[in-house]
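Peer 1: Below is one structure. I have some questions about it.
Numbering (the working numbering), first residue to last: 85 to 317.
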């Protein structure tokens, strides 16, 4: 974005202000000098994230993984079109049998990810909760709940005391009403542990990233229309 660095200098923006901007836009900022913050912000904001299209959020573990897929359209709430988890343990073991380094590589990768500074991780994903279910899921779910037996399953699901179990049951139930190309096996063994923690992670992190994309678009628009950065909050 031409002139962004000049605007920062003209407005005499302090380092703390730049750090807040970088954090809000989801850019890495830990340990950077003011000059590095300016250069990084200019470079990143010029990359122009694609606000439209599918966004896939993954939560990977050694035994389970979860995936949340969103359809994003500029100016609208993210639409959740696919959400599931699956067991990885048996698959990983079988690969390890054929390629001895597979599991170790996965462990090394996860260990390195844990070492990333907190600032590069998604900040407060619980705050970014606004989304819609796809029309396909809603319509099929609405039709399915007219069946007395399915309605009983729906009612029973909410009786679990554990929120983690309740979330798992909800997502599993919803997947019965999704259709190709987003269908997944409904074999409970395929889904792995009956816990919803990783499902929550993939959903919330996907929503947080969607919010970052929106914030970047708003920032670009603000600078273009007002010719200043101070007015962006």
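In this text, a Cβ means the ideal position worked out from N, Cα and C, and glycines have one as well.
#1: In terms of alpha-carbon separation, which member of 239, 234, 266, 246 lies closest to residue 221?
#2: For residue 255, does the count of other Cβ atoms within 10 angstroms reach 16, so buried, or fall short, so exposed?
#3: Compare the beta carbon distance of residue 261 and residue 228 with 7 Å and say whether it is the shorter of the two.
#4: By how many angstroms is the C-alpha of residue 299 removed from the C-alpha of residue 89?
#5: Rounded to whole angstroms, what's the CA-CA distance from residue 204 to residue 112? Just pull it up for me.
#6: With DSSP as the reference, label residue 115 as helix, strand or coil.
#7: To the nearest angstrom, how far is the alpha carbon of residue 273 from that of residue 147?
#8: Does the separation of the CB atoms of residue 285 and residue 171 fall below 7 Å?
#9: CA-CA distance, residue 278 and residue 217?
#10: Taking only three categories from DSSP, how would you classify residue 157?
#11: I need the straight-line Cα distance from residue 243 to residue 115, nearest angstrom please.
#12: Where does residue 264 fall in DSSP's three states?
#13: Could you check what DSSP says for residue 140 in three-state terms: helix, strand or coil?
#14: Within a Cβ cutoff of 8 Å, which residues of the same chain sit near residue 237, ignoring the five residues on either side of it in sequence?
#15: Can you tell me the Cβ-Cβ gap for residue 127 and residue 99, rounded? I've got them flagged as a contact below 8 Å.
#16: Taking only beta-carbon atoms, is residue 138 less than 7 Å away from chain C?
#17: Is residue 167 helix, strand or coil when you go by DSSP?
Peer 2: The short version:
#1: Residue mapping note: residue 221 aligns to position 137 of the chain shown, counting from 1. When only C-alpha atoms are compared, the closest one is 266.
#2: Reading the chain shown from its first residue, position 171 is the one you call residue 255. Classification of residue 255: buried, given that the 10 Å Cβ count is 16 or more.
#3: Here the question's residue 261 lines up with position 177 in the chain shown. Here the question's residue 228 lines up with position 144 in the chain shown. The answer is yes: Cβ separation under 7 Å.
#4: One-based indexing of the chain shown puts residue 89 at position 5. One-based indexing of the chain shown puts residue 299 at position 215. Looking at the two C-alpha atoms, the distance is approximately 19 Å.
#5: In the chain shown, the residue the question calls residue 204 occupies position 120. In the chain shown, the residue the question calls residue 112 occupies position 28. Bear in mind that a pLDDT of 40 at residue 204, under 50, signals an unreliable position, so the model cannot answer this.
#6: Start at 1 with the first residue of the chain shown, and residue 115 comes out as number 31. In this structure, residue 115 counts as coil in the three-state DSSP scheme.
#7: Sequence index remark: in the chain shown, residue 273 carries index 189 (1-based). Sequence index remark: in the chain shown, residue 147 carries index 63 (1-based). The alpha-carbon atoms of residue 273 and residue 147 are separated by roughly 12 Å.
#8: Counting from 1 along the chain shown, the entry for residue 285 is found at position 201. Counting from 1 along the chain shown, the entry for residue 171 is found at position 87. In this structure, residue 285 sits away from residue 171, with a CB-CB distance that is not shorter than 7 Å.
#9: Reading the chain shown from its first residue, position 194 is the one you call residue 278. Reading the chain shown from its first residue, position 133 is the one you call residue 217. If you take the alpha carbons of residue 278 and residue 217, they lie about 22 Å apart.
#10: Here the question's residue 157 lines up with position 73 in the chain shown. Residue 157: coil per DSSP, three-state reduction.
#11: Your numbering for residue 243 matches position 159 in the chain shown. Your numbering for residue 115 matches position 31 in the chain shown. If you take the alpha carbons of residue 243 and residue 115, they lie about 48 Å apart.
#12: Reading the chain shown from its first residue, position 180 is the one you call residue 264. Three-state DSSP puts residue 264 in coil, outside helix and strand.
#13: Walking along the chain shown from the start, residue 140 turns up at place 56. Three-state DSSP puts residue 140 in a strand.
#14: Taking the chain shown and counting its residues from 1, one reaches residue 237 at position 153. The beta carbon of residue 237 sits closer than 8 Å to those of 257, all from its chain and outside the five residues before and after it, given in chain order.
#15: Translated into the one-based positions of the chain shown, residue 127 becomes position 43. Translated into the one-based positions of the chain shown, residue 99 becomes position 15. Rounded, the Cβ-Cβ distance is 17 Å, inconsistent with contact.
#16: In the displayed structure, chain C is absent; only one protein chain is listed.
#17: The residue you call residue 167 lines up with position 83 of the chain shown. DSSP places residue 167 in strand when its eight states are reduced to three.
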